[in-house]
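Taken in sequence, the protein lines are chains A and B. For the record, in the first sequence the residue sitting at position 241 is 241 according to the working numbering, with numbers rising by one throughout. For the record, in the second sequence the residue sitting at position 187 is 187 according to the working numbering, with numbers rising by one throughout. Even glycine gets a Cβ: it sits at the ideal position worked out from N, Cα and C. All of these numbers come straight from a predicted model, not from anything done at the bench. Report on the following structure.
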Amino acid sequence: MNSFADLPKSGYEVRPKIAPDGAPLGELLEISIGPHHPSTHGVFRMDVVLDGETVVKLKPVFGYLHRNHEKIAENISYLSSMPYTDRLDYFCSMTNNWAYALTVEKLAGLAVPERAEYIRVIMAELTRLQNHTCLIGFFAQDMGALGTPLMYAFREREKILDLFESVSGARMMCNYMRFGGVRVDVSGEWLAQTKKIVSDYRKFLDEFETFLTQNEILMARTQGVGVLPRELAISASITGPMLRAAGVNYDLRKVDKYGIYRRFDFQVPVGAHGDIYDRYMVRVLEMRESVKILQSALADIPAGPVMDPKAKLRGFRPKAGEVYGRIEGPKGELGFYLISDGSPNPYRYRVRPPSLINLTILEDMCLGQKISDAVVILGSVDIVLGEVDR
Amino acid sequence: MIDEGLQSELKKQGVYVTSLQELYNWGRANSVWPLTFGLACCAIEMIAASMARYDISRFGAEVFRPSPRQADLMIVAGTVTKKMAPLVVRLFNQMPEPKYVIAMGACAISGGPFKQGYNVLKGVDRYLPVDVVIPGCPPRPEALLHALITLQEKILNQPLTGPDRPRHLNADVPGEFPVPAYGPHDLEPPNNPNLWQPPTLTR
């Protein structure tokens, strides 16, 4: 065991437990979780200082997957960045596409045809379903449910990926949206198949909840653990299910009403305690609302073109200016900030990644918790390292 | 070697004759334990391959081990950045012989779509002896299964003796590979010269 004086110098200060008379108490152990660790959801490192099993200091270390997304995007044309956005948050390529397309459309003043808007909503909500399902599977795995919830989650995910594949040609990296619409139209057969999968999803959610929601172990491990206070969540600009679990009613689908979301009747689930259990419940309820949105979108989708006739894919040069566009991704507010100087490439291209900003308060949630809970807290934040490091 | 006609004749009599090499390789090929090691997007397809639909356990490779000490196969699933590359090599060094590497996806092969990036390693074969490469961005789970079958064929055909015997049976060939260090500008050395040399143009 190390004493505090023996700890290696790490460029930050570790404060030992101090007795009232100023004498240090106990011995501290510094361990490094990651970058290769099954619970870190990718290549992410946590420098944790432990007093017994209790976390007294936690420092997240990023950058193991820094792939220069923003720098590459500044050197290629606007459209060429679209496939790169797929690889930001590789669970939700459709919503990433949408956020980027929405930003460029705002910059260039392109309109989106009615049918394309409906298709975008359908794709985004399907993405939300599969992202939340997989997340719950992964974080149940972090608690020790090795395999089983994840097996159920991936069974459903594969059905949604089949839908994506049949329309865009790729399972994960769809590259489907274009400025002013979507790349290809969906067929009536595809819509019928989607309707069937969406109506079956309720049944699956009931099944999933039977296993998890009232599960004694899950409740014991998550209730009152990793509490994120409402004020901290607001001041740290947390977004997405994390923020709503902390009791803030903020959903960009309601606030911005981008696309055609004002036409759908859905509720925003809000938590009361801000603990991991609330984050789990908010996601489950959000999926149920997504099913509602999907059903009404699938019923109302009109016929028509899927691309704005004014949009041109080649030689695309938006006028000079700057723009910030954002949507409610499954993980939170996903924004793109672009500065155009009138050339075919963006002058500045910046992503506001929800995963990174939601991760900044990891230490505040983990302090005073046990080390095994820190792993579950990290799982409940819902990070994807492709988006954190970019 | 056993005469094939004699072998099948004996099989009809209920006698199975084989060589130690075949038996040993048959056992090894059908119990490849991969390392639970995901780097980026391809890791999700690797997880999908281990789930019920693609079911990698049909090929005996479902036992994903989190510890490199218990793993036989490293699936480099995703972009290897320059910050991560020394750790990847160190993990590989920690694996016991016999060990194999599958480079999964365009990024692990060559840097893929992120090849222009200043922080991306342009192919994991610069530091590790890659046995099988899977193209794709990301490759489908079926492609990973195909790579596993290809690796199994390679294992089945490895001779145990002679000059072509694999690394783990040849004391002259080290199983550890030098770990690159963070230099002032780039990784040092930029590649392992015994494994990879920059291509030369001959006109």
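Proximity of residue i and residue j at Cβ, strictly below 8 Å
i: A/Asp-89; j: A/Gly-386; result: yes
i: A/Arg-288; j: A/Leu-135; result: no
i: A/Leu-243; j: A/Arg-326; result: no
i: A/Ile-276; j: A/Ile-377; result: yes
i: A/Trp-98; j: A/Arg-120; result: yes
i: A/Phe-179; j: A/Ala-101; result: yes
i: A/Gly-304; j: A/Asp-142; result: no
i: B/Pro-91; j: A/His-36; result: In the sequence as displayed, the identity of residue 91 of chain B is Leu instead of Pro. In contact: B/Leu-91 and A/His-36 (Cβ atoms closer than 8 Å).
i: B/Gln-84; j: B/Leu-144; result: For the sequence presented, residue 84 of chain B should be read as Met rather than Gln. Contact flag unset, no.
i: B/Asn-119; j: A/Asn-96; result: no
i: A/Leu-107; j: A/Gly-321; result: yes
Pick from the options that is closest to residue i, judged by C-alpha positions
i: A/Ala-198; options: A/Cys-366, A/Glu-125, A/Pro-302; result: For the sequence presented, residue 198 of chain A should be read as Val rather than Ala. Residue A/Glu-125 is the option with its Cα nearest to A/Val-198.
i: A/Arg-317; options: A/Arg-202, A/Ala-299, A/Ile-339, A/Ala-297; result: A/Ile-339
i: A/Ala-145; options: A/Val-112, A/Asp-341, A/Leu-212; result: A/Leu-212
i: B/Leu-35; options: A/Ile-33, A/Pro-38, A/Glu-286; result: A/Pro-38
i: A/His-391; options: A/Thr-360, A/Gly-321, A/Val-381; result: Since the first residue shown for chain A is 1 and the last is 390, residue 391 of chain A is missing from the structure and cannot be characterised.
i: A/Thr-40; options: A/Thr-54, A/Phe-62, A/Glu-189; result: A/Phe-62
i: A/Thr-392; options: A/Glu-165, A/Ile-31, A/Tyr-258, A/His-69; result: Nothing about residue 392 of chain A can be read from this structure; chain A reaches only from 1 to 390.
i: A/Leu-298; options: A/Gln-193, A/Gly-181, A/Val-49, A/Val-104; result: A/Gln-193
i: A/Thr-103; options: A/Glu-189, A/Arg-115, A/Pro-346; result: A/Pro-346
i: A/Gly-368; options: A/Arg-350, A/Ile-260, A/Val-225, A/Val-351; result: A/Val-225
i: A/Pro-344; options: A/Leu-29, A/Met-177, A/Val-43, A/Ile-76; result: A/Ile-76
i: B/Phe-177; options: B/Leu-169, B/Leu-87, B/Asp-164, B/Pro-141; result: B/Leu-87
i: A/Ile-238; options: A/Lys-257, A/Ile-383, A/Tyr-152, A/Gly-52; result: A/Ile-383
i: B/Val-173; options: B/Val-179, B/Met-51, B/Pro-180, B/Asp-164; result: B/Asp-164
i: A/Pro-241; options: A/Glu-70, A/Leu-161, A/Pro-354; result: A/Pro-354
i: A/Asp-389; options: A/Ile-217, A/Lys-370, A/Lys-195, A/Leu-356; result: A/Leu-356
i: A/Arg-263; options: A/Tyr-64, A/His-66, A/Glu-114, A/Phe-44; result: A/Glu-114
Other residues of its chain near residue i: CB distance less than 6 Å, five sequence neighbours each side excluded
i: A/Met-1; result: Summary for A/Met-1: the model assigns pLDDT 38, below 50, so the residue's position carries little reliability, and this model does not support an answer.
i: A/Met-123; result: Met-94
i: B/Tyr-127; result: Val-89, Asn-192
i: B/His-146; result: none
i: A/Ala-140; result: Pro-149
i: A/Ser-81; result: Ala-73
i: A/Val-375; result: Ser-39, Asp-142
i: B/Val-133; result: Ala-103, Ile-109
i: B/Ile-155; result: Asn-25, Arg-28, Ala-29
i: B/Gly-183; result: none
i: B/Leu-10; result: Val-17
Proximal chain A residues relative to residue i, where beta-carbon distance stays under 8 Å
i: B/Gln-116; result: Asn-68, Ile-72, Asn-75
i: B/Glu-45; result: Arg-171, Met-172
i: B/Asn-119; result: His-66, Arg-67, Asn-68
i: B/Phe-37; result: His-36
For residue i, the three-state DSSP class (helix, strand or coil)
i: A/Phe-138; result: helix
i: A/Met-1; result: Annotation note: pLDDT 38 at A/Met-1 (below 50); position unreliable, coordinate value reported separately. DSSP places A/Met-1 in coil when its eight states are reduced to three.
i: A/Phe-154; result: helix
i: B/Val-88; result: helix
i: A/Asp-47; result: strand
i: A/Glu-328; result: strand
i: B/Leu-121; result: coil
i: A/Ala-311; result: coil
i: A/Pro-241; result: helix
i: B/Arg-167; result: helix
i: A/Met-143; result: coil
i: B/Leu-201; result: coil
i: A/Leu-294; result: helix
i: A/Lys-57; result: strand
i: B/Thr-161; result: coil
i: B/Lys-82; result: coil
Close Cβ partners of residue i (< 8 Å) along its chain, the five nearest in sequence each way excluded
i: A/Glu-363; result: Lys-57, Leu-58, Lys-59, Pro-60
i: A/Gly-274; result: Val-227, Leu-228, Pro-229, Arg-230, Ala-233, Ala-245, Ala-246, Gly-247
i: B/Leu-187; result: Lys-82, Ala-85, Pro-86, Leu-121, Pro-180, Ala-181
Minimum Cβ-Cβ distance from residue i to chain C less than 8 Å
i: A/Glu-387; result: No chain C appears in the structure shown, which is made up of the protein chains A and B.
Within chain B, the residues that residue i reaches when beta carbons sit closer than 8 Å
i: A/Val-375; result: Chain B residues near A/Val-375: none, gap ~12 Å exceeds 8 Å.
i: A/Arg-350; result: Correct list: empty, because the minimum Cβ distance to chain B is about 16 Å.
Proximal residues of chain B, C-beta to C-beta of residue i below 9 Å
i: A/Tyr-391; result: The shown model of chain A, from 1 to 390, leaves out residue 391 of chain A, and the question about it has no answer.
Within chain A, partners of residue i - CB distance below 7 Å
i: B/Leu-87; result: Pro-35, His-36
Same chain, Cβ closer than 7 Å to residue i, five either side skipped, listed in chain order
i: B/Cys-41; result: Gly-78, Pro-138
i: A/Gln-223; result: Asp-275, Tyr-277
i: A/Arg-87; result: Met-173, Gly-386
i: A/Gly-259; result: Glu-117, Arg-120, Val-121
Amino acids of chain B, ordered along the chain, whose beta-carbon sits closer than 7 Å to that of residue i
i: A/Phe-208; result: Under the 7 Å cutoff, chain B gives no residues; its nearest Cβ is about 15 Å from A/Phe-208.
i: A/Val-43; result: Leu-39, Met-84
i: A/Met-151; result: Met-51, Ala-52
Closer than 7 Å: residue i CB and nearest the ligand COA heavy atom
i: B/Ile-47; result: Inclusion of the ligand COA in the displayed structure is not the case, the ligand content being empty and no account of it being possible.
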